Amino acid sequence: MSAYKNNEHKIEGIDKTLPAALAKPGPRRYWLWRRRGHVLLVAFARGGWVALLAVAWGSFSIPPWTIVKILWRRISGNPGVTTWPASWETVILQIRLPRAILAALVGAALSQTGAVYQGLFRNPLADPYLIGISSGAGLGATIAIAFGLLFGWGSLGAVSVLAFLGALVATALVYCLSRIGGRTSVVTLLLAGVALGAFFTAIQTFLMLRSNDAFHTVHIVGWLMGSFNLSSWAKVQLLAPVLAAGTAIMCAYGHRLNVLQLDEEQAQQLGVPVERTRLVLIVVASLVTATAVAVSGIIGFVGLIVPHAVRLVWGPDHRFLLPMSALIGAGFMVVVDGVARTLLSPAEIPVGVLTAFFGAPFFLYLLRQKKQQLFR
Amino acid sequence: MKWQMGRLFPKRVFGRRRARPVGEQSSLEARKLRFRFGNTVILDDVDLRLSPGRIVGVIGPNGAGKSTLVKLLSRVLVPENGQISLDGHDLTAWHPMELARVLTVVPQAPELPPGFTSWEIALMGRTPFLGWMGKESETDRVITQQAMVETGTWHLASRRVSQLSGGERQRVVIARALAQEPRVLLLDEPTAYLDINHQIETMMLVTQLVAERKLAGLVIFHDLNLASRYCDELILLQSGRILARGRPSEVLTPALIGQAYGADVTVIQHPANRLPVVLPL
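Which chain is which? The protein sequence lines are G and S, in order. Take the first sequence: its position 118, counting from 1, is numbered 117 in numbering that gives the first Met the number 0, and each next residue is one higher. Take the second sequence: its position 203, counting from 1, is numbered 202 in numbering that gives the first Met the number 0, and each next residue is one higher.
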């Protein structure tokens, strides 16, 4: 599409092999790490291995090789001789596997939308719940619990459905309120999100205090901290297509997110449709986050920390940052969920508590190691 | 005031072919531009024409509307009255991507994200030519490398933006603009933070590119002597109106400068090239 032919650039005198000075900054210990595609494959493989170990671990340990044999038997439908008790099969297939897969999907969803929001708002403190998702979801869940609503949709209870609707309504409100004169500035979006969040939280607290049953309050607080206790294959089937589509769309916008890091005017003058990109990314990210919140509650810290960790190690290029955050977030969440259900077995620690507990010191360690400034 | 950025879907011309660049050169023409911000009139009755191979300089005191003019010409703002046409087509009929392939703006003191390297910033100049996924080809990399060599920023390629000085950042932005392969180049005070050697280098580069590639250039200057040396035509703006236009020797007179800036100056002739040199009294 260039208007000039190659020979008009007099490129014979210029060294066409870009020198090592232009290699991406990052870990250069293995030759494998220099190609970003290879890095992603390795991360995917390691994530699978971690997931397998997490499924093996639990209140009683099952050898990983047995898990592989159980899965293979299930997939191939071969009614051969089984050398393991039937209860193991139930535990693996009905309880632990969907739970691990759901944790991986939720971790990937939250990390990737966190990276997208940090890029959209050019703010290092942005997380997936920035413009109203957490307050809307919390209010929806509180309404469902406080009024004892019992309707459901498919396998989701009233709490999940109302949380999903509340999250989307809150985000739509924030976006519409901050659309002034045909454009939405990032500062206005942030402030509107804060204001609406405070408003919804006030109503939520009021409902919690007014409800006569103390159990309601405990239930609400527990849901607000997030848990994978009620995982099921139905929830996986609900989240997986939403996440797959959302991930594909968000990764395709990686280059435009890079250019959006410049001024809005500069991005516009480089041909990027700023308003349309912002709208599409907010809609897709909100849908993905709202679905993740509907199935597992509000798990904080993952969407904030994982993109920063990836950025500190591999740089801010969003074409690599988005898929890598998803993979690292998935592995992180699977590990944390494994610890959450095992540490105080048979009681469960809410996942949100553990993500903060693990995430913060690790991030501080990374900061001290790299000694690089947080982007913007 | 209408912001072009607010449109979700850029206005297209239905029933006619979309505006596309034709041939190798482009010209930009503006007629009777008028722009208001709230109740203040920023620009009134401004005409200008950018032709291939010529540099038009815009000078004027602070608040005269120079930066607003550049924003109007690059379609960031929409004028209240008047027409701007690029290659004969109205500016609003251009798709933003096609417009970005023809017209480039070097803004004044742009903010750059500190985490990226200069190479990545300069490579962003190829955005209008990349597909949806933003995958750069070898041609894109070579063109960007050439642009960085020409602006003297190639040795800064792997350094992060946060480690560059203001002048180096300015030159990286100019390299990005050159990588965009423009046909119409709008520069808003490109020499603001540069040392005198870089000022001369940058303006020599702009002059050479305009002459070689037949670009249509518009440069906003604060320094009147740089404007006199490097422009083919000068436009003197005051309070949104054109006070004078013509060759530098016609515009840079003590009377006009006194009227526009309110300053007492004297104008002498440059001993080498006979161009006007403005000196304070």
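Just so you know, even glycine gets a beta-carbon here, dropped at the ideal spot from N, CA and C. Predicted, not measured: the structure shown is a model, and the values here were computed from it.
Could you check what DSSP says for S:HIS94 in three-state terms: helix, strand or coil? Within the second sequence, the letter at position 95 stands for residue 94 of chain S. Here S:HIS94 sits in coil by DSSP.
Under three-state DSSP, which class holds S:ALA243? The count along the second sequence starts at 1 and reaches residue 243 of chain S at position 244. Strand, per DSSP.
Can you list the residues of chain G that S:MET96 reaches, using a CB-CB cut of under 9 Å? Numbered from its first residue, the second sequence carries residue 96 of chain S at position 97. Correct list: GLY270, VAL271 and PRO272.
Using alpha carbons as the reference points, say which of G:ASP316, G:VAL305 and G:ARG340 lies closest to G:ALA125. One-based indexing of the first sequence puts residue 125 of chain G at position 126. Ranking G:ASP316, G:VAL305 and G:ARG340 by Cα distance to G:ALA125 puts G:VAL305 first.
G:VAL283 to S:PHE220 span [Cα, whole Å]: Position 284 of the first sequence, counted from the first residue, corresponds to residue 283 of chain G. Position 221 of the second sequence, counted from the first residue, corresponds to residue 220 of chain S. Approximately 44 Å between the Cα atoms of the pair.
Closer than 8 Å, CB to CB, is S:ARG126 near chain G or not? Within the second sequence, numbered from 1, the residue matching residue 126 of chain S stands at position 127. For the record, residue 126 of chain S in the displayed sequence is Thr; it is not Arg. Taking Cβ atoms only, chain G reaches closer than 8 Å to S:THR126, which makes this a yes.
With a Cβ-Cβ cutoff of 8 Å, do S:THR126 and G:VAL271 count as a contact? Translated into positions along the second sequence, residue 126 of chain S becomes position 127. Translated into positions along the first sequence, residue 271 of chain G becomes position 272. Cβ atoms of S:THR126 and G:VAL271: closer than 8 Å.
Completely contained alpha helix (DSSP H) runs for the stretch 93-150 of chain S, where each covers 4 or more residues: 95-101, 117-122 and 137-149
S:LEU98 versus S:ASN80 - alpha carbon distance: Counting from 1 along the second sequence, the entry for residue 98 of chain S is found at position 99. Counting from 1 along the second sequence, the entry for residue 80 of chain S is found at position 81. Answer to the nearest angstrom: the Cα atoms are 21 Å apart.
Nonlocal neighbours in the same chain, by C-beta distance under 7 Å from G:SER159, ignoring five residues either side: Position 160 of the first sequence, counting from 1, holds the residue named residue 159 of chain G. Taken in chain order, the residues that qualify are ALA293 and VAL294.
Return no unless some Cβ of chain S is closer than 8 Å to the Cβ of G:ASN122. As a position in the first sequence, residue 122 of chain G is number 123, starting the count at 1. Judged by the 8 Å Cβ criterion, G:ASN122 is not in contact with chain S.
Find the residues of chain G that neighbour S:MET123, judging by a C-beta separation of less than 8 Å, and give them in chain order. The count along the second sequence starts at 1 and reaches residue 123 of chain S at position 124. Correct list: ASN257, VAL258, LEU261 and LEU269.
Can you look up S:LYS31 in the DSSP assignment and give me helix, strand or coil? Taking the second sequence and counting its residues from 1, one reaches residue 31 of chain S at position 32. DSSP places S:LYS31 in strand when its eight states are reduced to three.
Where S:PRO109 meets chain G, residues with beta-carbon distance less than 8 Å: As a working mapping, residue 109 of chain S is identified with position 110 in the second sequence. Ordered by position in chain G, the residues that pass the 8 Å Cβ test against S:PRO109 are LEU261, ASP262 and GLN265.
In terms of residues, what are the limits of the alpha helix (DSSP H) holding S:GLN268? Counting from one through the second sequence, the residue named residue 268 of chain S turns up at place 269. Here S:GLN268 belongs to no alpha helix (DSSP H); instead the beta strand (DSSP E) covers 264-268.
State buried or exposed for G:PRO360, treating a residue as buried only when at least 16 other CB atoms are found within 10 Å of its CB. Taking the first residue of the first sequence as 1, we reach residue 360 of chain G at position 361. Exposed: under 16 other Cβ atoms inside 10 Å.
Jot down the residue ranges of each uninterrupted alpha helix (DSSP H) in the stretch 83-134 of chain G, minimum 4 residues, whole runs only, in chain order. 85-89 and 96-120
Consider the Cβ of G:LEU366: report whether some Cβ of chain S lies at a distance smaller than 8 Å. The residue given as residue 366 of chain G occupies position 367 in the first sequence. No, because no Cβ of chain S sits closer than 8 Å to the Cβ of G:LEU366.
What does the alpha-carbon distance come out to for the pair G:THR200 and G:LEU138? Indexing the first sequence from 1 puts residue 200 of chain G at position 201. Indexing the first sequence from 1 puts residue 138 of chain G at position 139. Distance between the alpha carbons of G:THR200 and G:LEU138 is about 7 Å.
Does S:PHE36 come out as helix, strand or coil in the three-state DSSP assignment? On the second sequence, residue 36 of chain S is found 37 positions in, with the first residue counted as 1. Reduced to three states, the DSSP call for S:PHE36 is strand.
Excluding five sequence neighbours on each side, which residues of the same chain lie with their C-beta closer than 6 Å to the C-beta of S:LEU76? By 1-based counting over the second sequence, the position of residue 76 of chain S is 77. For S:LEU76, where only same-chain residues beyond five positions count, the Cβ hits under 6 Å are LYS70.
Using a cut-off of 7 Å between C-beta atoms, extract the partners of S:PRO189 located in chain G. Translated into the one-based positions of the second sequence, residue 189 of chain S becomes position 190. The premise fails here: S:PRO189 is roughly 14 Å from chain G at the closest Cβ pair, so nothing lies under 7 Å.
My guess is that G:THR183 and G:ILE132 are in contact by the Cβ rule of under 8 Å, so how many angstroms apart are they, rounded? Within the first sequence, residue 183 of chain G is the residue found at index 184, counting from 1. Within the first sequence, residue 132 of chain G is the residue found at index 133, counting from 1. Going by Cβ atoms, the distance from G:THR183 to G:ILE132 rounds to 17 Å, so no, they are not a contact pair.
Please determine, among G:GLY302, G:ILE298, G:LEU326 and G:LEU256, the residue with the shortest C-alpha to C-alpha distance to G:ARG121. Taking the first residue of the first sequence as 1, we reach residue 121 of chain G at position 122. The residue with the shortest Cα to Cα distance from G:ARG121 is G:LEU256.
Start and end of the alpha helix (DSSP H) containing G:VAL185? The residue labelled residue 185 of chain G in the question sits at position 186 within the first sequence. From DSSP, the alpha helix (DSSP H) with G:VAL185 extends over 185-209.
Can you tell me where the beta strand (DSSP E) holding S:ARG53 begins and where it ends? As a working mapping, residue 53 of chain S is identified with position 54 in the second sequence. Unbroken beta strand (DSSP E) run through S:ARG53: 53-58.
Whole angstroms is fine: what's the gap from G:VAL309's alpha carbon to G:SER324's? Numbered from 1 along the first sequence, position 310 holds the residue referred to as residue 309 of chain G. Numbered from 1 along the first sequence, position 325 holds the residue referred to as residue 324 of chain G. Approximately 6 Å, taken between the alpha carbons.
Starting from S:VAL69 and walking both ways along the alpha helix (DSSP H), at which residues does that stretch end? Translated into the one-based positions of the second sequence, residue 69 of chain S becomes position 70. Segment 65-72, the alpha helix (DSSP H) holding S:VAL69.
Taking S:TRP131 as the query, report the chain G residues whose CB atoms sit under 7 Å from its CB, ordered along the chain. As a first step, residue 131 of chain S must be located in the second sequence, where it is residue number 132. In chain order: ALA251.
With a threshold of 8 Å between beta carbons, is S:PHE115 in contact with chain C? Absence of chain C from the displayed structure is noted, the protein chains being G and S.
Quick check: what's the CA-CA separation for G:PHE214 versus G:ILE94? By one-based count along the first sequence, residue 214 of chain G stands at place 215. By one-based count along the first sequence, residue 94 of chain G stands at place 95. Taking the straight line joining both Cα atoms gives about 26 Å.
Residue burial classification, G:LYS234 (beta-carbon count within 10 angstroms, cutoff 16): Here residue 234 of chain G refers to the residue found at position 235 when the first sequence is read from its first residue. The residue in question, G:LYS234, is buried, as its Cβ has 16 or more Cβ neighbours within 10 Å.
Determine, for S:ALA243, whether the minimum Cβ-Cβ distance to residues of chain G falls below 8 Å. For the purposes of this step, residue 243 of chain S is identified with residue 244 of the second sequence, where counting begins at 1. No, because no Cβ of chain G sits closer than 8 Å to the Cβ of S:ALA243.
Run through DSSP, which three-state label would S:GLU211 get? For the purposes of this step, residue 211 of chain S is identified with residue 212 of the second sequence, where counting begins at 1. Three-state DSSP puts S:GLU211 in a helix.
So, helix, strand or coil for G:SER159, using DSSP? The residue labelled residue 159 of chain G in the question sits at position 160 within the first sequence. Three-state result, G:SER159: helix.
Thinking C-alpha only, which one of G:LYS68, G:LEU164 and G:THR288 is nearest G:ALA243? Indexing the first sequence from 1 puts residue 243 of chain G at position 244. The option with the nearest alpha carbon to G:ALA243 is G:THR288.
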